[in-house]
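J.:
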Amino acid sequence: MMGRLPFIAGNWKMNKTVGEALDLVRQLKASISKVEGVEVAVAPPFTALYAVQKELEGTTIKLAAQNLFYEEKGAYTGEISPMMLKEIGCHYVIIGHSERRQFFGETDETVNRRIEAALGQGLKVIFCIGETLKEREEGRTFAVVERQVERGLRKFREMEVKGIVIAYEPVWAIGTGKTATPEQAEEVHRFIRGRLEKLYSREIAEGIRIQYGGSVTPENIKGLMSLENIDGALVGGASLKAETFSKIVRFKEM
Ligand code: PGA
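If you read the sequence shown in my numbering, its first letter stands for residue 11, the second for the next number, and so on.
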């Protein structure tokens, strides 16, 4: 894997009250805090971020937010700024998740602005891309992913893209139980790395981690992680239970 540190992140989506979030994180601390050679992050909903961060203090598990708004502050009812996330100890922020694109009008352009704002505050970004089933069936997977990468990263220089992790999540695999086969995933991951090399340099492309997301489970993680261009996973459903998420984090022991 060219020395890229595997990165497993749990995207809790709109799940877990503060109490439930703390329960889960306490269990995770017990089961994964000693695992080495893999970076781990959890992305609770906004309301639980602060409490979870307090609970994570002194561990290597990192805190991620699921979204942010690109303005610094002001009259944007219902939004959260990069600075607010930074202040409470967020390390990562997920940007451009397909559910945001599908249900909340997020576009490549707003994703680009959000990434810029996040990086500007020193937050690291998990930048999500992926094609829909229709796009795949029409043979447009590579074109869609290419457009998302180019527009999402527009204007960023090499220094900036170093703060980005890409999550390739085929929309048809999210929450459906239909994982892409390791070969299908690897094919797109290799393509993305090729695009990054064209946009930046070989060195940058080799350094950027590309996670796979979409129905990742303890059963399929090992096969996915064995591939050259798959550097981790963004896990939804299976991150909501300590038992399954821990197994995924401990994929090397399987
Ligand atoms: P899933 O979600 O693991 O439940 O398919 C992944 C994601 O949306 O990040």
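All C-beta atoms in this analysis are idealised placements derived from N, C-alpha and C, irrespective of residue type, glycine included.
1) With C-beta atoms as the reference, is V171 less than 8 Å away from K134?
2) Could you spell out where the beta strand (DSSP E) holding F137 opens and where it closes?
3) Once the 5 residues before and after E46 are set aside, which same chain residues still bring their CB inside 6 Å of it?
4) Going straight from the alpha carbon of L163 to that of N122, what length do you get?
5) By DSSP, does N122 sit in helix, in strand, or in coil?
6) Using a threshold of 7 Å, is the CB atom of H107 nearer than that to any non-hydrogen atom of ligand 1?
7) Could you tell me whether the Cβ atoms of I98 and A128 are closer together than 8 Å?
8) For the region 49-124, list the beta strand (DSSP E) runs that are entirely contained and at least 3 residues long, ordered along the chain.
9) Could you tell me the alpha carbon to alpha carbon distance between K144 and A183, rounded to whole angstroms?
10) For ligand 1, is there a heavy atom less than 7 Å away from the beta-carbon of G140?
11) Three-state secondary structure (DSSP) at L206?
T.: In short:
1) Cβ atoms of V171 and K134: not closer than 8 Å.
2) Per DSSP, F137 belongs to the beta strand (DSSP E) from 134-139.
3) There are no such residues.
4) So the two alpha carbons sit approximately 6 Å from each other.
5) N122 falls in the helix class under three-state DSSP.
6) True, at least one ligand heavy atom lies under 7 Å from that Cβ.
7) For I98 and A128, no; Cβs fall outside 8 Å.
8) Here the runs fully enclosed are 49-53, 72-75, 102-105.
9) Straight-line spacing of the CA atoms in K144 and A183 works out to 12 Å.
10) Every heavy atom of ligand 1 is 7 Å or more from the Cβ of G140, so no.
11) Per DSSP, reduced to three states, the secondary structure at L206 is helical.
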